[in-house]
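A.B. asks: First residue of the sequence shown: 321, per our numbering; consecutive thereafter.
Glycine included, C-beta positions come from ideal geometry on N, C-alpha and C.
All values reported here derive from a predicted model rather than from experimental measurement.
Dropping the structure in here first, questions after.
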Amino acid sequence: MIEIVSAERCTACNICVHVCPTNVFDIVKDQPPRIARQADCQTCFMCELYCPEDALFVAPVADAPIAVEENDAGVQALMGSYKRSIGWGKGLQPTAGKDHSFELLSRTH
């Protein structure tokens, strides 16, 4: 579930607003987007993936919000971590080729 839009990192490009499939954010003029409908977040990570500034933290828990503080060093380290872990972005190595789960579909029983 989306937990943080960092006021320090965000450049108000609103890419996250436009890629969110469930319309979680509201645009705020000259400010970071506001998390307006947090309960609608499907934890798809699209906003985090597309954010050019790693200004978002999406918790992998989809059931309910969790208490996190943006200035917490652990949270800072997690911002943009999903993007890095799958190799999404300039200068990163995609990890999809390491996933061999597709082999399960090719097996016959």
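1) Tell me which residue opens and which closes the beta strand (DSSP E) that I322 is part of.
2) Just reading off the alpha helix (DSSP H) that V339 is part of, what are its end residues?
3) With distances taken Cα to Cα, identify the nearest neighbour of C340 among E368, E323, P352 and A332.
4) Could you pull out every residue in the same chain whose Cβ sits closer than 6 Å to the Cβ of I324, ignoring the five residues on either side in sequence?
5) Would you call S326 buried or exposed, if buried means 16 or more other Cβ atoms sit within 10 Å of its Cβ?
6) Quick check on P352: buried or exposed, where buried means 16 or more other Cβ atoms within 10 Å of its Cβ?
7) Pick out whichever of G411, K410, I406 and A379 has its Cα sitting closest to the Cα of H396.
8) Rounded to the nearest angstrom, what separates V344 and C361 at their Cα positions?
9) Looking at C-alpha atoms only, which residue of A375, D419 and D383 is the closest neighbour of S401?
C.D. replies: This is what the structure holds:
1) Against the sequence shown, residue 322 aligns to sequence position 2. I322 -> beta strand (DSSP E) spans I322 to V325.
2) Against the sequence shown, residue 339 aligns to sequence position 19. Run containing V339: I335 to V339, per the alpha helix (DSSP H) assignment.
3) Here residue 340 is taken as the residue at index 20 of the sequence shown, counted from 1. Answer by Cα proximity: E368.
4) Here residue 324 refers to the residue found at position 4 when the sequence shown is read from its first residue. Contacts found: F377 and E390.
5) Your numbering for residue 326 matches position 6 in the sequence shown. So S326 counts as buried.
6) Translated into positions along the sequence shown, residue 352 becomes position 32. Burial call: buried.
7) Here residue 396 corresponds to residue number 76 of the sequence shown, with the count starting at 1. Sequence check: residue 396 is Gln here, not His. Cα-wise, what sits closest to Q396 is A379.
8) Along the sequence shown, read from residue 1 onward, the residue named residue 344 stands at position 24. Along the sequence shown, read from residue 1 onward, the residue named residue 361 stands at position 41. If I take the Cα positions, the gap works out to 6 Å.
9) Here residue 401 corresponds to residue number 81 of the sequence shown, with the count starting at 1. Nearest of A375, D419 and D383 to S401, Cα basis: A375.
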